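Engineer: Here it is, the structure, as structure tokens.
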Amino acid sequence: MFDVSPLDLLVLGIMIILLFGPDKLPEVIQKVSGFLRKVRAFSEAAREDVRSELGPEFKDLELSDLHPKTFVRKHLLDADGLGIEEIRSALDPRAELAELADAVNDEPSEPTERGARTDSGASRAASPEQAPAHVYDPDAT
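For the sequence shown, position 5 (counting from the first letter as 1) is numbered 5 according to full-length UniProt numbering, and the numbering increases by one without interruption.
So, in structure tokens, the structure goes:
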């Protein structure tokens, strides 16, 4: 959290000893530890006040969850809590296209009724005897 290495702590400790000296060091340690206890008690009291004011529906509220980075990580980057994956899979056209492609590929190659064409246009154009007499529609021009 503070990115303090053990070497930094050692240098800080030596500087404190040199600044205050061995005779005042116990008093300074007592004052610093008392200050830290008061800060901890104040933060616990503030946390309990917030929880009591919010009521029982917020009894399992974690104040660390309200930090912006934690909030984004928990609610946006976390596992799919809103069912977005279900919506994406429902709207994904790949499944329908795969079924359609399978249905097209599974069609019979022989015509079942008279005049029904199920083969592709490329195979019709490949044989010259089945080639159309004209390649354009005179009614369309």
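Every residue gets a Cβ at the ideal spot worked out from N, C-alpha and C, and that includes glycine. Every value quoted in this text rests on a predicted model; they were computed, and no experiment measured them.
Would D65 pass as a contact of F71 if the rule is Cβ separation under 8 Å?
Structural biologist: Reading the sequence shown from its first residue, position 65 is the one you call residue 65. Reading the sequence shown from its first residue, position 71 is the one you call residue 71. Contact flag set, yes.
Engineer: Rounding to the nearest angstrom, what Cα-Cα distance links S43 and L61 in this structure?
Structural biologist: Sequence index remark: in the sequence shown, residue 43 carries index 43 (1-based). Sequence index remark: in the sequence shown, residue 61 carries index 61 (1-based). Answer to the nearest angstrom: the Cα atoms are 15 Å apart.
Engineer: Quick check: L25 and I17, are their CB atoms within less than 8 Å of each other?
Structural biologist: Walking along the sequence shown from the start, residue 25 turns up at place 25. Walking along the sequence shown from the start, residue 17 turns up at place 17. Against a cut-off of 8 Å, the Cβ pair of I17 and L25 comes out as a contact.
Engineer: Taking 8 Å as the cut-off, decide whether the C-beta atoms of L63 and R47 are in contact.
Structural biologist: Mapped onto the sequence shown, residue 63 falls at position 63. Mapped onto the sequence shown, residue 47 falls at position 47. Closer than 8 Å, so yes.
Engineer: Please list the terminal residues of the continuous alpha helix (DSSP H) segment that includes F20.
Structural biologist: Numbered from 1 along the sequence shown, position 20 holds the residue referred to as residue 20. Segment P6 to L54, the alpha helix (DSSP H) holding F20.
Engineer: Quick check: is any heavy atom of the ligand NAP less than 7 Å from the C-beta of E62?
Structural biologist: In the structure on display, the ligand NAP does not appear, and there are no ligands present to speak of.
Engineer: Hey, how far is the Cα of A45 from the Cα of G13?
Structural biologist: Here residue 45 refers to the residue found at position 45 when the sequence shown is read from its first residue. Here residue 13 refers to the residue found at position 13 when the sequence shown is read from its first residue. If you take the alpha carbons of A45 and G13, they lie about 31 Å apart.
Engineer: Using the C-alpha atoms, what's the distance from R51 back to I87?
Structural biologist: Within the sequence shown, numbered from 1, the residue matching residue 87 stands at position 87. Within the sequence shown, numbered from 1, the residue matching residue 51 stands at position 51. Distance between the alpha carbons of I87 and R51: 36 Å.
Engineer: Measure how close the beta-carbons of F20 and V28 come, nearest whole angstrom, since I'm counting them as under 8 Å.
Structural biologist: The residue given as residue 20 occupies position 20 in the sequence shown. The residue given as residue 28 occupies position 28 in the sequence shown. Going by Cβ atoms, the distance from F20 to V28 rounds to 5 Å, so yes, they are a contact pair.
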